[in-house]
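Trainee:
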Ligand code: S3P
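Numbering (this note's numbering), first residue to last: 201 to 369.
1. Assuming residue 220 is part of the alpha helix (DSSP H), what are its boundary residues?
2. So, under 8 Å CB-CB, residue 206 and residue 276 are touching, yes? Tell me the CB distance rounded to an integer number of Å.
3. Find the nearest neighbour of residue 339 within the set 321, 308 and 302, judged by alpha-carbon distance.
4. Helix, strand or coil for residue 156 per DSSP?
5. Can you determine whether any heavy atom of the ligand S3P sits closer than 7 Å to the C-beta of residue 214, and answer yes or no?
6. Find out if the Cβ-Cβ distance for the pair residue 228, residue 262 is shorter than 8 Å.
7. Mind checking whether the beta-carbon of residue 287 lies closer than 7 Å to any heavy atom of the ligand S3P?
8. For residue 260, which of 239, 245 and 249 has the nearest alpha-carbon?
9. Cβ of residue 322 versus every heavy atom of the ligand S3P: is any distance shorter than 7 Å?
10. Would you grab the beta carbon distance between residue 357 and residue 233 for me? Rounded to a whole angstrom, and I think it's under 8 Å.
11. Is it the case that the CB of residue 317 approaches a heavy atom of the ligand ZN more closely than 7 Å?
12. Taking the continuous beta strand (DSSP E) assigned at residue 205, which residues delimit it?
13. Assuming residue 247 is part of the alpha helix (DSSP H), what are its boundary residues?
14. Take the Cβ of residue 295 as the centre, count every other Cβ of all protein chains shown within 10 Å, and call the residue buried at 16 or more, exposed below.
15. Would residue 269 be called buried (16 or more neighbouring beta carbons within 10 Å of its own) or exposed?
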C-alpha cells in the first residue's frame, strides 16, 4: 500500500507520516525533501530564485516521476494536491488521506514551527489565521478529493492506521 498524506502546512503530515511508517515497517518519503534534493537547494531558496510557478512545476515533476516503493508513506507539501492533476494522479497510485485541521489550530502550530514556509512569510497573528482560512477555502476542493478525510485534531499514528485498515476492508 502507498499512502499519500495531504493537507495544509502544519496539519501534521510529516510527523504523523514518519510515525505511521516506522510503526508499520513502511518507507517514509517526504516530498519536499525529495524536491530539495533534485533542486540542490532548499524550498525557500527555490521560491526566492525561481518563483512559485516554477516550484509547482518541479513539485509535479518530482511527484509524478518518483517510483514510490510498495508499502510507503508519502508526506506531500501543502500545495501539491492543488496544482495540475496531482491529486488525481495520487488517487491512481495509492490511498490518499486528507488530514483536516481548522485554521486557528494550524496558525498556532505554524507560529511555533522553526521551518521557513515561503507562502506564509508575510503573516502572523490574526492576519495569519485569516490568510490560512482564505487559502484553505481555495484548496479544500482539492483536499476533499482524497479517498479518506481524517480530522487532524487528536489524530495519532495508531488511529490513522486503524482508519486505513478499515478503509481497505
Ligand atoms: C507549501 C507547503 C510546503 C512546501 C512549500 C509550499 C504550500 O510544504 O511544499 O513551502 O504551498 O502549502 P508543507 O506542507 O510540508 O509545509
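Idealized CB from N, CA, C, for every residue including glycine. The structure displayed is predicted, hence computed values, not measured ones.
Mentor: According to the structure data:
1. Start at 1 with the first residue of the chain shown, and residue 220 comes out as number 20. First-last of the alpha helix (DSSP H) with residue 220: 213–224.
2. Walking along the chain shown from the start, residue 206 turns up at place 6. Walking along the chain shown from the start, residue 276 turns up at place 76. Residue 276 and residue 206 do touch by the CB rule: their CB atoms are close to 5 Å apart, below 8 Å.
3. For the purposes of this step, residue 339 is taken as the residue at position 139 of the chain shown. Nearest option by C-alpha distance: 302.
4. The chain is shown only over 201 to 369; residue 156 falls outside these bounds and no answer can be derived.
5. Here residue 214 refers to the residue found at position 14 when the chain shown is read from its first residue. The answer is yes for residue 214.
6. Locating residue 228 in the chain shown gives position 28, where the first residue counts as 1. Locating residue 262 in the chain shown gives position 62, where the first residue counts as 1. Contact: no.
7. Taking the chain shown and counting its residues from 1, the one referred to as residue 287 is at position 87. No, the beta carbon of residue 287 sits no closer than 7 Å to any heavy atom of the ligand S3P.
8. If you number the chain shown from 1, residue 260 lands on position 60. Nearest C-alpha to residue 260: 239.
9. Numbered from its first residue, the chain shown carries residue 322 at position 122. Checking every heavy atom of the ligand S3P against the Cβ of residue 322, none is found closer than 7 Å.
10. If you number the chain shown from 1, residue 357 lands on position 157. If you number the chain shown from 1, residue 233 lands on position 33. At roughly 19 Å, the Cβ-Cβ gap does not stay under 8 Å, so residue 357 and residue 233 are not in contact.
11. Absent from the structure shown: the ligand ZN. Ligands present: the ligand S3P.
12. Translated into positions along the chain shown, residue 205 becomes position 5. Here the beta strand (DSSP E) through residue 205 covers 202–206.
13. Translated into the one-based positions of the chain shown, residue 247 becomes position 47. Counting along the chain, the alpha helix (DSSP H) containing residue 247 begins and ends at 243–265.
14. On the chain shown, residue 295 is found 95 positions in, with the first residue counted as 1. Buried is the label assigned to residue 295, since at least 16 other Cβ atoms lie within 10 Å of its Cβ.
15. Taking the first residue of the chain shown as position 1, residue 269 is located at position 69. Exposed: under 16 other Cβ atoms inside 10 Å.
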